[in-house]
Every structure is written in structure tokens, then in C-alpha cells.
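The numbers in the sequence shown follow UniProt numbering, run straight up by one, and end at 379. The structure appears right after this line, and notes come after that.
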Amino acid sequence: MASEGWNGCRNCGCHVLLQVYQKAPMTPTDKLIYKFHRIFGLVGGLFILMLSLTGCILLFDNAIDGLLNPDTVAVQPGPQRQPYDKAIATLKQHYPDAQLRNLVLYSSQPNRALRADVQKGKQRLWAYVNPYTGTFLGERDAERAFVRQVRQLHEHLLMPPVGDWILFVVGLCLVGSVLTGTWYYRKSLLSVFKIGVRWNKPKRLVYGDLHKYLGVVALLFLLIIGATGTFFHWEHIERSLGGGPRRPGPGEARPPVAMVASVDALLAKSASNVPGFVADVVNFPDEPGKPLVVRGNGADANPFLGKFTSSVEFDAQSGDVTKVFRAGEADVEYKVEHVFEELHFGRFGGVATKVLYFVLALCMTVVTATGLLVWWVKR
């Protein structure tokens, strides 16, 4: 039974909930842990709500983008794809002075158009070409695309690097909230499944029941998302401080780099260098002397080692292979980083894990919201 001397939530009747779950009197350590649990939840609460909701969107970003832009993104599959060189020629015709950054092939999605990332002066565009006819379908501002705005909000709060620092703290709060909550209810975690959610009780008790029930259901998920998210935000911070490879900023203009080699020939060479290789993205050199890189997955692809587990680099002028990379042969740091990435984004099991992550992310939303509601009632 909860200690009669602790009045933190007796005024609203929440002590009844604690009496049900907490069999032994609360120790000073328990009170301190609970205080930290509440602080972590309050500091990170609204941000975690935003992150869980935007995370739900990002799980299905490609599908959502297709639904929002059917005229440019969706195509009617034909009997055979045209050579990719034809699509590149079409793009060069439309953007003679622009830099082609990459071409997304969507090899496993026959009803989707090719998407080119084009840098036109300071403007970044997504341009679409029908892979079956080679015809130009249209363009849009990449920075204003809904799914990209959601990703920028999720990863940077739309204001890097300040947003990276804020979200790093939020990630620590989520991890701290999970750990302190687990410690506080350590002796009664499984009792939540016996007690369930008492819907016929006052709202404050319903909020508390939901908070603990879904918190236990999604416990491992919350810890994984918090730990991996914190890791990635620290990487963003390191990069902004000059501790990692620099990425071109939005709207950064670069002169076009001439390319002689045939992309179709390079794709064929990629397949001959990586057994069972399916190309997904062609990254074009953004500076003279940089390689052209074909990324995709081979027959031995491990879904926990990244979205693309193989790549082949070429000299963009001669078409000679300069490097073949396989994630399975990479160092431990690379593997750990990409395992974290797949665990965070839920891509490792295809649609099944995305649906599971969607459900668990909704659980995280409810856990956060009910935690804030319990605090609001108690205040």
C-alpha cells in the first residue's frame, strides 16, 4: 500500500491507483525516481507526441507521397522499362544547366515513376520521368514536399542545428522516462495485464491505467526508439560541429558535373559485381573527380544492415569500377549504426514491421498523452 505520508497525488485520488500497483510502502528512493519520471515526461512530453505522430507518417512516407501526388508519382506499368539513359537524356533536356544529384529507380514498385533529385541554382527539385515511356511527368519543390517537411520536423524541428540539440535532450528524456517508470513499477509490471484498464472508474484512474498498460506493452519499443533517436540526434550535432562528413545544405548551388559513362552500362556492371544485385538509387558525382555510386541490395542482403546493403562506385568518365562495398564486410561501427537505423525506422521486416511500429507508435502517443493528463489533473 502506498505510504500515507506521501501526498503527491492523494488530492486527486491517484493514490488509489498507486495502492493497486504498489504493494510495498514507497521508499525515499521510489519517491525520487517517481519525481524524475514526472520531470522527464513533462520536459519531453509535447515533443514526444509530435515525434510519435510524425514517425507514424514517415513509416509510410512513399505511399503517402504517392497518394498526395498521383499525377507525377504514379504510372501505368508497361511491358518493359525504357533504358535509364533515355530518362537521363529527358532530364538533361529539361534541365540543361542543372546538377542531377540522384535518380531513384523504384525497381520493386512497377507503378511508380522514376524520381530525380535536381539542383537548379539554389532550388532543389524532384523531377519525375515515366520509366516505361521515358516521358517527363513534372516537377515540384523538394523542400516543400509534405513528406520531406515531416521528416525535417521529425529530425530537426525544421531548424537545424538548434532543433538537433532540443531533440537530443528529448531523446534523453524519453530514455529516462522509460527507465524510471520501469524501476518505479518494477515489482508490479506484469500485474497491469491482470488489472487492465478500468473504464468504469473516474477519468483520472482511466488515464493512469492506460498510461501504465500501454507503457508496459510498448516498453521495449519506447526504449529502442528513445536510445536510437538520441544516438542519431547526437550524430546530427557532431556533424554541425564539424565532427562528421559534411552534407550539402538545402538550396546550396553547385555547378553541374559532366558525365560520359552510360548509366545502363554501369547498372549492368553493378549486377556482375554483386550477385543478385537490384539497383535502387544512382548517386551522381556533385564535384569533379567524385565517383558515381549505384546503391541497392544483393542476394545476401541483411535487412538489419541498412536500406541499401551493397554499392558499386565508378569513375563517371571512364565507367571503370573503383570500389565494391558490401555491408556484411563493413566494420563494427558501420554495422551498429545501421542496425540502430533499421530498428528506429522499422524497415527490417517490410510491411509487417511497419504496421507493428505504427501500432506501437500510437501506443507511445497515448502513453505520453495520458501521462500529461495525469499530471494536469494532479497539478
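For every residue, glycine included, the Cβ atom is placed at its ideal position computed from N, Cα and C.
Segment limits, beta strand (DSSP E) that includes residue i
{"i": "Leu100", "result": "99-104"}
{"i": "Thr322", "result": "321-326"}
{"i": "Asp331", "result": "No beta strand (DSSP E) holds Asp331; DSSP gives it neither H nor E."}
{"i": "Val312", "result": "310-314"}
Opening and closing residue of the alpha helix (DSSP H) in which residue i lies
{"i": "Glu287", "result": "From DSSP, Glu287 is part of no alpha helix (DSSP H); its letter is neither H nor E."}
{"i": "Val73", "result": "70-73"}
{"i": "Asp221", "result": "Just to set this straight, residue 221 is Phe in the shown sequence, not Asp. Taken as a continuous stretch (DSSP letters only), the alpha helix (DSSP H) holding Phe221 covers 219-240."}
{"i": "Thr27", "result": "From DSSP, Thr27 is part of no alpha helix (DSSP H); its letter is neither H nor E."}
{"i": "Phe358", "result": "351-378"}
{"i": "Leu190", "result": "Taken as a continuous stretch (DSSP letters only), Leu190 belongs to no alpha helix (DSSP H), as it is neither H nor E."}
{"i": "Ala265", "result": "263-273"}
Candidates the options, of which the one nearest residue i by Cα
{"i": "Asn200", "options": "Phe193, Val192, Asp209, Lys194", "result": "Asp209"}
{"i": "Trp234", "options": "Asp164, Arg204, Phe193", "result": "Asp164"}
{"i": "Asn283", "options": "Val367, Ala316, Val359", "result": "Ala316"}
{"i": "Lys212", "options": "Ile224, Thr228, Lys194", "result": "Lys194"}
{"i": "Gln99", "options": "Tyr128, Ser272, Leu157, Asp286", "result": "Asp286"}
{"i": "Asp141", "options": "Asp117, Thr135, Met159, Val129", "result": "Asp117"}
{"i": "His338", "options": "Thr72, Asp71, Phe231", "result": "Phe231"}
{"i": "Glu238", "options": "Val336, Tyr184, Gln123, Phe168", "result": "Phe168"}
{"i": "Asn111", "options": "Lys120, Gly66, Phe340, Ala227", "result": "Gly66"}
{"i": "Arg38", "options": "Arg81, Arg144, His154, Gly176", "result": "Gly176"}
For residue j and residue i, the rounded distance between their alpha carbons
{"i": "Cys363", "j": "Phe345", "result": "16 angstroms"}
{"i": "Lys354", "j": "Asn297", "result": "20 angstroms"}
{"i": "Phe304", "j": "Ser262", "result": "32 angstroms"}
{"i": "Lys23", "j": "Gly181", "result": "With a pLDDT of 49 at Lys23, under the threshold of 50, the modelled position of that residue is not reliable, and no figure is offered here."}
{"i": "Tyr21", "j": "Arg186", "result": "Unreliable placement is indicated for Tyr21, whose pLDDT of 49 sits below 50; the coordinate value is still reported in the next sentence. Approximately 10 angstroms between the Cα atoms of the pair."}
{"i": "Gly171", "j": "Asn130", "result": "41 angstroms"}
{"i": "Tyr128", "j": "Ser272", "result": "28 angstroms"}
{"i": "Asp71", "j": "Leu223", "result": "40 angstroms"}
{"i": "Lys240", "j": "Leu49", "result": "The sequence given here has Ser at residue 240, not Lys. The straight-line gap from Cα to Cα measures roughly 26 angstroms."}
{"i": "Val16", "j": "Val374", "result": "Legend: pLDDT at Val16 = 44, less than 50; position of this residue unreliable, value from coordinates given subsequently. Answer to the nearest angstrom: the Cα atoms are 13 angstroms apart."}
{"i": "Leu343", "j": "Leu58", "result": "14 angstroms"}
*Which runs of the beta strand (DSSP E), 3 residues or longer, sit entirely within the stretch 94-162?*
99-104, 114-120, 123-129, 136-141
_Check whether the stretch 104-121 and the stretch 41-61 touch, using three or more Cβ-Cβ pairs below 8 angstroms as the test._
no
*asked:* Under 8 angstroms: do the stretch 26-34 and the stretch 147-155 share three or more Cβ pairs, one atom per stretch?
replied: no
*Spell out a yes or no on whether the stretch 84-104 and the stretch 159-177 are touching, meaning 3 or more CB-CB pairs, one atom from each, closer than 8 angstroms.*
no
*For the stretch 160-185, which segments carrying the alpha helix (DSSP H) assignment without a break, of at least 4 residues, lie completely within its bounds, in sequence order?*
162-184
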